[in-house]
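Encoded as C-alpha cells, the structure appears first; notes follow it.
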Amino acid sequence: MAEEPTSTLTKNYVSAANRLSSKPTKLTSTASALQSRWMVLLGHLLAGGCTMGAALLSASGGELVQLLENKALSGFFQLRGPIVPPEDIVILAIDDHSISVPEQYYKTDPKQYAYLETLKSYPYKRAAYAQIITKLIKAGARSVAVDVIFDTTSRYGVSDDRKFQAVLQKHGSKVTLGAVYENSQTHQGSFMQLIDPQQMFRTGSVSIGSVNFPLEVDGKVHRLASEFSKLLAKDNLIEKLPSFDEAALRAAQVNYPRPKGDRIYFWGPAGTFEQIPFWHVLDPENWNTYLQQGKFFKNKIVLIGATDKLNNDYHPVAASNSTERMSGVEIHANAIATLMTGKAIAPGINTLPLRGLFVLILVGSTALMISRRRRSINKFLYSLALSGAWVGISYGLFIYGQLIFPTTVPMIAIAMTGLCYLGTSVMRESIRKRQLVDIFQKYKTSPVVQEIISQQYDLQYLIQQRDLALSGKILAQRYKIVKVLGSGGFSETYIAEDTLRPGNPRCVVKQLKPASTKPEALQLARRLFNSEAQTLEKLGTHAQIPQLLAYFEEDEEFYLVQEQIIGHPLNQELPSGRAIDEIAVIKIVKDLLQTLTFVHKNNVIHRDIKPSNIIRRHSDGKLVLIDFGAVKEVSTKQLDDEEQTPFTIGIGTQGYAPSEQCFGRPHYSSDIYAVGMVGIKALTGIAPRELDRDADGEIKWSDAYGGKLRSQFSHSLTKILSKMVLDDFKQRYQSASEALEDLKVFDNVINFQSRYPIPQDDPLMNTLDQLNELNAPTKSNSEASSETI
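No gaps in the numbering here: position 147 of the sequence shown is 147 in the UniProt record's numbering, and each next residue is one more.
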C-alpha cells in the first residue's frame, strides 16, 4: 500500500532544519522517518482491525448488532414513506368516537336510537359483536377477525353470551377470535399462560389465534405474530397456537405463499389502512350511505379491534419513529397483508457465520480501495462515499427485493476505516511538527527558522513568547521597545521610544539578523551593515524615504533606527477585486518612479517594492518607500564556501519580483518591474500572482476576464505598463527617468482633471487617449485649443 507523500510544507521544514545542524538533524530525520512508517503501518493495522471487528460482530449476532440493524430497517421504512395498502383488508375500529357517540345518542333518546342499545356503554355487549358479524357476513365479507379476548363471562350475563354463541355456531367458519399469552405471577414464580376464548365460543369451526408479537431489542414490533408462537414451542413452554393472522387467512380461505422471511412489510405508520368506526355498521344512516348497505365490505377481510387510547393496545413498530405507536389491530392488518402478498421481509444471508464472512469481504475490499487514495483527507471522504453507497445498495435491496443485508455495522466500519487513516495522518503530522518545533526552539535565532515561524499560524506562539519578552526592553541604553511591529525571516521591526529626546518621540527600530554567528560571517556582516547604513543615510535625505536616525550593533545583532511614518500602507487602497481609475493609477506610478529615480542615482536597488512597503503619509498624501531590500544582504550574505538555502536565493515578493531577481541577479529595471505590477494591480484589481502568462512568459494582464478589460484601458497607459513588466529585463525601461518621460503624455490630462474634476462614471474617463488629445494643444494653435477645451 502506498505511503502518503509528505506535504510540501513539511518538506520545507525538514529542508530548513537540515541547514541548522547536520548531525542532530540526521538523527532526527531518521527517527521521523521511522515514526512516519510506523504511523502508516498503524493506519493499516487499525483499518484491518475495523474490518475484523465488523466481521466478528456481525457473526456474533448479539443484541448490539440486532439493535443497529433494526435501526437501519426502521430508517428504510421511514425513508420510503407510506404506500397504498391492499384494498381487501379493512379495519372496523373501536375508536374513541365509537365509544363516546353511541352512548350520548342513546341517552338522548333511547327509543329513537334503540339500535345502539348494545353500544350504550363500553365494554360493549357481546350481542353487539353478534349483530355486526351477522351484518358483515350477510354483506359478503370474506371473513371477520375479532381482536378481542372473550375469556370470561360477559358482564351483561349469560344471555348476552348466548347471543354471541349463536352467531358463532352459524357463521363460525368465517370468524376468527383472539387469544393472548401473558406472564402470570404466583408464589412459585412467573410463567407464561394462554388466555383464550371461553369454551362456549369454540363452536362452529371458529378459528382461534394468538395476538402476541415478539418485541425486538429496540423495543419495536418487527416480526410476524407466528414467530412468537414458534419461540414458545421451541422452548417447550406451551402448546403451539397459530397466530391471529394465520387463523384469519384460514377463515377467509386465502391460499398464500409460504413466507420467505419473518418480518412484517409495513405499508406505513398508524392510519395507513382504511378504518371504519365500529358503530357505523349499526347506524342505519352510515350503513345505507357510504357503506352502501354493506357492499363496501364485500370480499374483504374485516378486522375488528380497539384503536382507542383507553385500551392501551399500542406498540412501537419498525415503520414508526421512537414516539409514534400503532394499535394492535393495525399491526395485524399489516401482518395479514404481508402474508397475502408474499412480501415478508427476509434476511439476505441466513446464517450468522456467512454474515460475518460477507461483512469481512465487503469491508475488507472497501478498505483496500480506501488505502489506495494518496491523501488522508481523500481517504476519509472516499470512505464516507463508500459507506453511503453501501447504505444506498442496502436500501435498494430492501425496497425491490424485501431483503435485509448487514447495513449499519459495515457502514460504520467503512467510515471508521477512513477515520483511522485520517487519525494516524494527523498523529504523524503532529509528531513531525513537534520534532520540528523542538529544532526551531533550539535554533530560533536562525533567519531560516524565523522565516518559517513567521509564516505558520500554529507556530505563532513562539513569536508571542518572544514578543512578551521583548516588551519594555531597552536597546543601546536609549530605545525602549513599545511593541513588535513585524517579524520576518531576516529582520524584526519594533516601535520604540527614544528615551534621550524630549517627549520620548517614537521611532522605528529594525533588527537585522546575521545568517551565521561564526566569527568570519559576523565580520562580513558588520562590514556590509556599516556600508548599507551609510547608503540609507544618503537615501533618507529624500522627502519620501524614511530618515535614518541611528544605527548600532548590540550582542552581535545589528539595528537601524528610522523615523516613524504616520500613514497607512498602500495595499489598504488596493483591495483584491476592486480597481481604481486610471488617473489615480498614473499618479501612483509617477510618484513611485520619481522616488526610484533618486534611489537608483545613489546606486541602490530596492528589491522589494510592493503595496505593503509603500506608505501613504497622512500629512501630505505622498507615497513613502520603506523596507529597502539592500540592507537584507546583511542577513542573507553567505561566505563564498557556504551553500545557500532555498530561502536566501532571492529577495522580493512573489508576483512583484521579476525572474532575474528571483535568481539573485537584480537590476535597476527589477524595481521598475515591481512598480509596473503595482500599477497593474491598482488598474485591474487582480493580484499579480493570479495573472496568466503567454508562451513567451509575458504577463497577459490586459487580456484578463476574457479581454473585457482591454477596451477599458487607454492604449498609452497599457503600452507603458506592459513595457515596465516585460519578462526580459533588457527590454524594459532601463531607468525610472525613462519611464517618467513616457508618462509625461498624461500631464495635461492630470492638470485638466485637477481643474475640472470628471465624475468616475463619465464616458470620458473610459478613454484617456481621447481626453489626452483634447488637452494636447498643437504647436500652431495652442491658444485656440485651450479655448476649445
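Every residue, glycine too, gets a C-beta built ideally from N, C-alpha and C.
In the three-state scheme derived from DSSP, where H, G and I count as helix and E and B as strand, Thr108 is classed as helix. In the DSSP assignment, Arg616 falls within the unbroken beta strand (DSSP E) covering Ile614 to Arg617. Here the alpha carbons of Gln131 and Tyr156 stand approximately 16 Å from one another.
If only complete runs of 3 or more residues are kept, the segment 92-164 shows the beta strand (DSSP E) at 143-146, in order along the chain. Pairing Gln198 with Gly305, the inter-Cα distance amounts to about 18 Å. Contact annotation: the segment 38-54 touches the segment 348-365, with at least three C-beta pairs closer than 8 Å.
Considering only Phe398, Ile393 and Asp581, the residue with the shortest C-alpha distance to Lys681 is Asp581.
With a 10 Å radius around the Cβ and a threshold of 16 neighbouring Cβ atoms, Tyr479 comes out buried. Spatial neighbours of Ala47 in its own chain (CB-CB distance under 6 Å, excluding positions within 5 residues in sequence) are listed in chain order as Ala367, Thr417 and Cys420.
Relative to Tyr265, the option among Gly140, Ser376 and Pro82 whose CA is nearest is Pro82.
Going by DSSP, Thr289 is part of no beta strand (DSSP E) at all; its letter is neither H nor E. Burial is judged here by how many other beta carbons sit within 10 angstroms of a residue's own beta carbon; Lys730 has fewer than 16 and is exposed. Nearest in C-alpha terms to Leu574, of all of Lys590, Gly655, Leu548 and Leu683, is Leu683. The C-beta distance from Val589 to Phe628 rounds to 19 Å, too long to meet the 8 Å contact threshold. In the three-state scheme derived from DSSP, where H, G and I count as helix and E and B as strand, Gln477 is classed as coil. Setting aside the 5 residues that flank it on each side, Asp308 is surrounded in the same chain by Ile94, Asp95, Asp96 and Ile99, each with a C-beta closer than 7 Å to its C-beta; the list follows chain order. In the structure shown, Val599 adopts helical secondary structure according to DSSP, grouped into three states. Between Val180 and Val211, the CB-CB gap stays under 7 Å.
Under the 8 Å Cβ criterion, the segment 154-173 counts as touching the segment 117-125, having at least three qualifying pairs. Under the criterion of beta carbons closer than 8 Å, Leu470 and Ile481 qualify as touching, at roughly 5 Å.
The segment 511-520 makes contact with the segment 557-575: 3 or more CB pairs, one atom from each, lie closer than 8 Å. Cβ neighbours of His618 within its own chain (closer than 8 Å, five residues either side excluded): Ile566, Gly567 and His568.
Distance from the CA of Ile583 to the CA of Ile750, rounded to the nearest whole angstrom, comes to 7 Å.
CA-CA distance, Ser322 to Gln66, rounds to 16 Å.
With contacts defined by Cβ atoms closer than 7 Å, Leu593 and Ala736 form a contacting pair. The residue among Gln544, Trp267 and His542 with its C-alpha nearest the C-alpha of Phe77 is Trp267. For the options Pro353, His222, Ile404 and Ile412, the alpha carbon positioned closest to that of Ile331 is the one of His222.
Rounded to whole angstroms, the gap between the alpha carbons of Lys220 and His315 is 7 Å. Around Leu384, the same chain offers Ala415 and Gly418 as residues with beta carbons nearer than 7 Å, after the five sequence neighbours per side are excluded. Residue pairing from DSSP places Leu177 in a beta bridge opposite Val146 and Ile208. Of the candidates Ile301, Arg372, Leu41 and Pro406, Pro406 places its Cα closest to the Cα of Pro353. DSSP, reduced to helix, strand and coil, places Val254 outside both helices and strands of the structure shown, so it counts as coil. No Cβ-Cβ contact shorter than 7 Å links Pro257 with Gly209. Judged by DSSP in its simplified three-state form, Gln66 adopts helix. Exclusion of the five residues before and after Ser190 leaves Asn183 and Ser184 as the residues of its chain whose Cβ lies within less than 7 Å of its Cβ. Each residue's CA atom was taken as its position, placing Gln534 and Phe552 some 12 Å apart.
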